[in-house]
Amino acid sequence: MNKNFILFFIVLVLLTVKVVSIKFTNFNMFGDEAQYWLWSKELDFGYFSKPPFLAWAIRFYSEILQDSFFYLKLFPSIVYFLIAWGVYALLKNVGLKNENALVGSLTFLFLPAVSFSSFIISTDLFLLLFWTLSLNELIKIVKYQKITNFIFLGIFIGLGILSKYAAIYFVLCFFILIIIDKNFRKIFFDNYIKFFLSFLCFIVILLPNLIWNVNNNWVTLQHTSDNANFENIQLNIIRGLEFLIIQTFMLGPFIVLGRFFGFKKKERFQNFFLIFSLPIILIVFIEAIIVRANANWAAPALISLYIYLYIGLSNFYLRVFNYLFNFVFCCIFFIMIGINYPSNMFNRINGLKDYAEEIYENASDLSKKNMVISDRLLFSSLNYELRKKNITFFMPHKEGAEITNHFKISQPLDESMNNSFTFIGSLSDINYLEKDYKLIKKDSPNQIFTKRRLDVYEVIFE
């Protein structure tokens with residue numbers, strides 16, 4: 000039986016498992032996902048913690064289909080098919096035959112990292128897409144130096160940064176490539192005018208977001224520095240090792256083992272892909288040791304590293320074991336989602352819809368039409384779950400106080416508020432209100448999704 004047909008069939012099986020699981024799960028949208036959906040309702044050139052491209056894409060997608068849970072959760076898988084197409088083009092451009100490039104792009108779709116993140120709406124989706132397309136244009140520049148490739152390189156890097164600021168890693172790796180690779184260094188200096196054109200395209204794409212940041216006092220830089228949190232340095236080598244183990248698992252342990260057992264001799268572009276992966280992994284590894292690091296902070300490195308490993312892996316048995324491991328992981332993961340498996344790993348997306356509906360049903364007519372929520376994730380989740388109700392949402396924020404999320408910019412609770420509302424949070428968050436009000440404490444619904452107790456009140460203005 001044709002190998003490509005088998006792989007197409009496997010991908011179809013995995014896609015079917017994903018679709019059925021999403022259709023029947025009782026899990027809910029995570030707060031960050033709901034936040035991106037909420038941003039898409041008010042399009043802008045930037046947001047507090049992230050650039051705008053994902054919000055734009057969700058808005059476009061929702062206008063064509065719907066913003067129901069089912070359709071929104073299919074969105075990541077659709078984007079990953081685009082990324083897989085980019086991987087296919089990239090493998091073709093580094094010299095693989097059509098069949099091997101197709102196999103590489105299809106098996107990419109059931110990497111554990113892809114299986115996990117294809118259930119999550121995140122800024123990594125378009126970061127990975129434009130990272131792959133940027134790599135593709137850079138490979139073409141190495142081979143042909145056509146002016147259109149330089150233009151697309153600048154456009155794709157710019158769109159990558161509009162997707163997630165971590166795309167700046169591409170620029171870092173680009174300069175490392177110039178320093179390390181003498182052949183590319185010659186190409187760079189022989190074509191510096193064309194690379195300047197790439198830079199101009201990059202700036203044009205990025206300019207609206209830069210202007211937005213200037214007009215909003217560079218709040219994104221503030222958020223990024225808070226994330227780094229170098230004031231709380233606690234060296235821990237175990238965190239670094241855990242990060243590396245997770246990255247190995249996300250790629251598939253057998254393809255990583257293949258680097259040490261049954262790896263082909265060095266080919267032309269292998270060093271190229273290492274340069275666009277190892278520096279990122281090293282940076283995030285060091286950050287994990289010093290403070291902390293989330294597994295997805297090195298996401299673009301996994302694209303480059305996967306291609307490096309796939310090109311070099313020659314051991315047949317490790318290939319087969321890798322495919323089997325990744326396939327089984329994907330099936331188990333999505334079956335757990337489909338049957339609402341009671342695992343702590345799913346707590347943050349469990350019970351949010353029921354919580355939102357109970358809050359709404361228990362509110363009096365006086366406080367039903369306005370909700371004030373202190374917690375950013377819950378604010379986003381309730382906005383989504385109650386989107387069909389006629390509710391106005393506010394975030395507590397005293398003018399002049401520190402801005403810690405986008406909703407303090409877009410939907411702040413004004414100190415002169417005199418309409419009654421349902422409040423979720425700590426009473427100290429609203430002590431700046433000028434008008435006198437009466438408090439009625441309500442029973443708080445079950446909160447599986449957070450360990451932090453969230454009190455519920457009715458705030459009644461007389």
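Taking numbering that gives the first Met the number 0, the leading residue of the sequence shown gets 0, the next gets one more, and so forth.
Quick reminder that beta carbons are idealized off the backbone N, C-alpha and C, glycines included.
* To do: Evaluate contact between the stretch 439 to 447 and the stretch 379 to 390, counting only Cβ atoms and requiring at least three cross-stretch pairs below 8 Å.
  => The stretch 439 to 447 is not in contact with the stretch 379 to 390.
* Which runs of the beta strand (DSSP E) fall wholly inside the stretch 321 to 398 and span at least 3 residues, in chain order? -> Correct list: 369 to 372 and 391 to 395.
* **Short Cβ contact (8 Å threshold) for residue 161 with residue 208** => Locating residue 161 in the sequence shown gives position 162, counting from the first residue. Locating residue 208 in the sequence shown gives position 209, counting from the first residue. Annotated as proximal: residue 161 and residue 208, with beta-carbon spacing under 8 Å.
* **Whole-Å CB distance - residue 416 paired with residue 392, under 8 Å assumed** => Taking the sequence shown and counting its residues from 1, one reaches residue 416 at position 417. Taking the sequence shown and counting its residues from 1, one reaches residue 392 at position 393. Not really, about 13 Å apart at Cβ, beyond 8 Å.
* Considering only residues of the same chain and omitting the five flanking positions on each side of residue 461, which have a CB-CB separation below 8 Å? -> Here the question's residue 461 lines up with position 462 in the sequence shown. Residues of the same chain with a CB within less than 8 Å of the CB of residue 461, apart from the 5 flanking positions on each side, are 435, 436 and 437 in chain order.
* **Neighbour-count burial assignment, residue 136, 16 or more Cβ in a 10 Å radius** => On the sequence shown, position 137 is the one that residue 136 refers to. Buried, since its Cβ has 16 or more Cβ neighbours within 10 Å.
* In whole angstroms, what is the alpha-carbon distance linking residue 308 and residue 238? -> Here residue 308 refers to the residue found at position 309 of the sequence shown. Here residue 238 refers to the residue found at position 239 of the sequence shown. If you take the alpha carbons of residue 308 and residue 238, they lie about 25 Å apart.
* Asked: Are the stretch 407 to 422 and the stretch 355 to 370 touching, with three or more C-beta to C-beta distances below 8 Å?
  -> Cβ pair count under 8 Å is three or more, so yes.
* To do: To the nearest angstrom, report how far apart residue 150 and residue 100 are at their CA atoms.
  => To locate residue 150, count along the sequence shown from 1; it is residue 151. To locate residue 100, count along the sequence shown from 1; it is residue 101. The alpha-carbon of residue 150 is positioned some 25 Å away from that of residue 100.
* Asked: So, is residue 343 buried or exposed, given that buried needs 16 or more other C-beta atoms within 10 angstroms?
  -> Translated into positions along the sequence shown, residue 343 becomes position 344. So residue 343 counts as exposed.
* To do: Inspect the beta-carbon positions of residue 326 and residue 109 and report whether they are closer than 8 Å.
  => One-based indexing of the sequence shown puts residue 326 at position 327. One-based indexing of the sequence shown puts residue 109 at position 110. Closer than 8 Å, so yes.
* Asked: Where does residue 302 land, buried or exposed, given buried means 16+ other C-beta within 10 angstroms?
  -> In the sequence shown, counting from the first residue as 1, residue 302 sits at position 303. The residue is buried, with at least 16 neighbouring Cβ atoms inside 10 Å.
* **residue 87: first and last residue of the uninterrupted alpha helix (DSSP H) it sits in** => Locating residue 87 in the sequence shown gives position 88, where the first residue counts as 1. Counted as a single uninterrupted DSSP element, the alpha helix (DSSP H) harbouring residue 87 occupies residues 68 to 92.
* **Inter-residue CB distance, residue 17 and residue 117 (contact presumed, cutoff 8 Å)** => Against the sequence shown, residue 17 aligns to sequence position 18. Against the sequence shown, residue 117 aligns to sequence position 118. Rounded, the Cβ-Cβ distance is 7 Å, consistent with contact.
* To do: Look at the alpha carbon of residue 205 and the alpha carbon of residue 55, and state the distance between them as a whole number of angstroms.
  => Here residue 205 refers to the residue found at position 206 when the sequence shown is read from its first residue. Here residue 55 refers to the residue found at position 56 when the sequence shown is read from its first residue. Straight-line Cα distance between these residues: approximately 15 Å.
* Asked: Beta carbon of residue 251, beta carbon of residue 332: below 8 Å?
  -> Residue 251 sits at position 252 when you count from the first residue of the sequence shown. Residue 332 sits at position 333 when you count from the first residue of the sequence shown. Result no, Cβ atoms of residue 251 and residue 332 do not sit closer than 8 Å.
* the stretch 75 to 86 in contact with the stretch 112 to 131 per 3-pair CB rule at 8 Å -> A contact exists between the stretch 75 to 86 and the stretch 112 to 131.
* residue 94 versus 119, 62, 141 and 51, residue with shortest Cα-Cα distance -> Locating residue 94 in the sequence shown gives position 95, counting from the first residue. For the residues 119, 62, 141 and 51, the minimum Cα distance to residue 94 belongs to 141.
* To do: Taking the CB atoms as reference points, tell me whether residue 299 and residue 88 lie closer together than 8 Å.
  => Along the sequence shown, one-based indexing puts residue 299 at 300. Along the sequence shown, one-based indexing puts residue 88 at 89. Not closer than 8 Å, so no.
* Rounded C-alpha distance that separates residue 172 from residue 179 -> By 1-based counting over the sequence shown, the position of residue 172 is 173. By 1-based counting over the sequence shown, the position of residue 179 is 180. The alpha-carbon of residue 172 is positioned some 10 Å away from that of residue 179.
* **beta strand (DSSP E) segment containing residue 438, residue limits** => For the purposes of this step, residue 438 is identified with residue 439 of the sequence shown, where counting begins at 1. It spans 436 to 441 - the beta strand (DSSP E) in which residue 438 sits, taken as one unbroken run.
* **CB contact flag (residue 48, residue 405, <8 Å)** => The residue given as residue 48 occupies position 49 in the sequence shown. The residue given as residue 405 occupies position 406 in the sequence shown. In this structure, residue 48 places its C-beta atom within 8 Å of the C-beta atom of residue 405.
* **Cβ neighbours of residue 36 in the same chain (closer than 7 Å, five flanking residues each side left out)** => Translated into positions along the sequence shown, residue 36 becomes position 37. These residues qualify, in order along the chain: 57, 66, 71 and 383.
* **Where the alpha helix (DSSP H) through residue 458 begins and ends** => Your numbering for residue 458 matches position 459 in the sequence shown. Where residue 458 is concerned, there is no enclosing alpha helix (DSSP H), although the beta strand (DSSP E) it sits in stretches over 455 to 460.
* On the three-state DSSP scale, how would you describe residue 423? -> On the sequence shown, residue 423 is found 424 positions in, with the first residue counted as 1. Looking at residue 423 - three-state DSSP - the assignment turns out to be strand.
* In its own chain, which residues sit with a C-beta less than 6 Å from the C-beta of residue 247, not counting the 5 before and 5 after it? -> If you number the sequence shown from 1, residue 247 lands on position 248. Exclusion of the five residues before and after residue 247 leaves 255 as the residues of its chain whose Cβ lies within less than 6 Å of its Cβ.
* For residue 425, which option in 146, 400, 373 and 317 has the closest C-alpha, if you only look at C-alpha atoms? -> Here residue 425 corresponds to residue number 426 of the sequence shown, with the count starting at 1. The residue with the shortest Cα to Cα distance from residue 425 is 373.
* For residue 365, the nearest candidate out of 345, 196 and 458 (CA to CA) -> The residue given as residue 365 occupies position 366 in the sequence shown. Answer by Cα proximity: 458.
* Asked: Among residues of its own chain, excluding the 5 on either side of residue 320, which ones have a beta-carbon nearer than 6 Å to its beta-carbon?
  -> Taking the sequence shown and counting its residues from 1, the one referred to as residue 320 is at position 321. Excluding positions up to five away in sequence, the list reads 253.
* May I have the straight-line CA-CA distance separating residue 113 from residue 211, to the nearest angstrom? => On the sequence shown, position 114 is the one that residue 113 refers to. On the sequence shown, position 212 is the one that residue 211 refers to. About 32 Å.
* Hey, would you say the C-beta of residue 185 is under 7 Å away from at least one heavy atom of the ligand MN? -> The model on display carries no ligand, and the ligand MN is accordingly not part of it.
* **Backbone secondary structure at residue 312 - three-state DSSP** => Within the sequence shown, numbered from 1, the residue matching residue 312 stands at position 313. In this structure, residue 312 counts as strand in the three-state DSSP scheme.
* Go ahead and pull the three-state DSSP assignment for residue 95. => For the purposes of this step, residue 95 is taken as the residue at position 96 of the sequence shown. Three-state result, residue 95: coil.
* residue 258 versus residue 312 - alpha carbon distance -> Against the sequence shown, residue 258 aligns to sequence position 259. Against the sequence shown, residue 312 aligns to sequence position 313. Their backbone Cα atoms lie some 7 Å apart in a straight line.
* How many Å lie between residue 3 and residue 76 at the Cα? -> Counting from 1 along the sequence shown, the entry for residue 3 is found at position 4. Counting from 1 along the sequence shown, the entry for residue 76 is found at position 77. Each residue's Cα considered, the two are about 20 Å apart.
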